[in-house]
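Trainee: In the numbering used here, the protein residues as written are 15 to 225.
For every residue, glycine included, the Cβ atom is placed at its ideal position computed from N, Cα and C.
As the structure is a prediction and not an experimental result, all values here were calculated from the model.
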């Protein structure tokens, strides 16, 4: 009887993924996820769809006017709250959620961390990003950035601005709130490619756990 009960226990790797909601089916079918232990509050998570939709293709196209493929391929940025929690700006607005959407094998993932920042500062970064939850998406900022990139100057301040935020702006402005300016560009113009390129962030080696 004891042996039968032990055989029903989840594997050690899965037990490390403690969470409030069930792991989505697509993630379970993929069979692995980023190890939550490697993700710290304030980490930047860059995402690139392996088969981008129309919006993803447009982002790549415009970023490609200023950046090489190494940087221009990143279509989205999210802020880690630590473990599997993230904060991100989507077209429905800024939301706090879990990272499962990007753990299906359909995306390339890159994790970057603010160089020289204390754990306390990085936690504050995550906090400031989270204070934007329910803020609207910055559609005007996205349109302005397309026009600016088309003109070949990603450092030009847009004429019109909005209170809404886009995904990369969410991270950039949170960095500014804790005293870190990643680049001398307007926050409204910050793209995932800028965050990929800046030397003020360093890459975090990825580790995975089985599901």
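What is the rounded straight-line gap between the Cα of residue 74 and the Cα of residue 36?
Mentor: Translated into the one-based positions of the chain shown, residue 74 becomes position 60. Translated into the one-based positions of the chain shown, residue 36 becomes position 22. Cα-Cα distance, rounded: 33 Å.
Trainee: With 16 other CB atoms within 10 Å as the buried threshold, where does residue 87 fall?
Mentor: By 1-based counting over the chain shown, the position of residue 87 is 73. That one is buried.
Trainee: Helix, strand or coil for residue 54? Go by DSSP, reduced to three states.
Mentor: As a working mapping, residue 54 is identified with position 40 in the chain shown. In the structure shown, residue 54 sits in coil (DSSP, three-state: anything other than H, G, I, E or B).
Trainee: Could you tell me the distance, in whole angstroms, from the CA atom of residue 149 to the CA atom of residue 140?
Mentor: Here residue 149 refers to the residue found at position 135 when the chain shown is read from its first residue. Here residue 140 refers to the residue found at position 126 when the chain shown is read from its first residue. When rounded, the distance between both Cα atoms is 15 Å.
Trainee: Do you know offhand how far residue 125's Cα is from residue 65's?
Mentor: To locate residue 125, count along the chain shown from 1; it is residue 111. To locate residue 65, count along the chain shown from 1; it is residue 51. Taking the straight line joining both Cα atoms gives about 20 Å.
Trainee: Can you tell me whether residue 212 is buried or exposed? The criterion is at least 16 other CB atoms within 10 Å of its CB, across all chains shown.
Mentor: Translated into the one-based positions of the chain shown, residue 212 becomes position 198. Buried is the call here.
Trainee: In the structure shown, what three-state DSSP assignment does residue 137 receive?
Mentor: Numbered from 1 along the chain shown, position 123 holds the residue referred to as residue 137. In the structure shown, residue 137 sits in a helix (DSSP, three-state: H, G or I).
Trainee: When you compare only the Cα positions, how much space is there between residue 54 and residue 62?
Mentor: The sequence position of residue 54 within the chain shown is 40, counting from 1. The sequence position of residue 62 within the chain shown is 48, counting from 1. Distance between the alpha carbons of residue 54 and residue 62 is about 20 Å.
Trainee: Short check: CB of residue 179 to CB of residue 93, under 8 Å?
Mentor: Translated into positions along the chain shown, residue 179 becomes position 165. Translated into positions along the chain shown, residue 93 becomes position 79. No, these two residues do not count as a Cβ contact at 8 Å.
Trainee: Just reading off the alpha helix (DSSP H) that residue 92 is part of, what are its end residues?
Mentor: In the chain shown, counting from the first residue as 1, residue 92 sits at position 78. That residue, residue 92, is in no alpha helix (DSSP H); its beta strand (DSSP E) goes 90 to 96.
Trainee: Would you mind sorting residue 57 into buried or exposed? The rule is 16 or more other CB atoms within 10 Å of its CB.
Mentor: Walking along the chain shown from the start, residue 57 turns up at place 43. With 16 or more Cβ atoms within 10 Å of its Cβ, residue 57 is classed as buried.
Trainee: Does the beta-carbon distance from residue 118 to residue 40 come in below 8 Å?
Mentor: Here residue 118 refers to the residue found at position 104 when the chain shown is read from its first residue. Here residue 40 refers to the residue found at position 26 when the chain shown is read from its first residue. Yes, Cβ-Cβ distance for residue 118 and residue 40 is below 8 Å.
Trainee: Could you compute how far the alpha carbon of residue 153 sits from the alpha carbon of residue 103?
Mentor: The residue you call residue 153 lines up with position 139 of the chain shown. The residue you call residue 103 lines up with position 89 of the chain shown. If I take the Cα positions, the gap works out to 11 Å.
Trainee: Taking the C-alpha atoms as reference points, what is the distance between residue 184 and residue 177?
Mentor: Within the chain shown, numbered from 1, the residue matching residue 184 stands at position 170. Within the chain shown, numbered from 1, the residue matching residue 177 stands at position 163. When rounded, the distance between both Cα atoms is 12 Å.
Trainee: In its own chain, which residues sit with a C-beta less than 8 Å from the C-beta of residue 215, not counting the 5 before and 5 after it?
Mentor: As a first step, residue 215 must be located in the chain shown, where it is residue number 201. Hits under 8 Å: 58, 126, 127, 128, 129, 196, 209.
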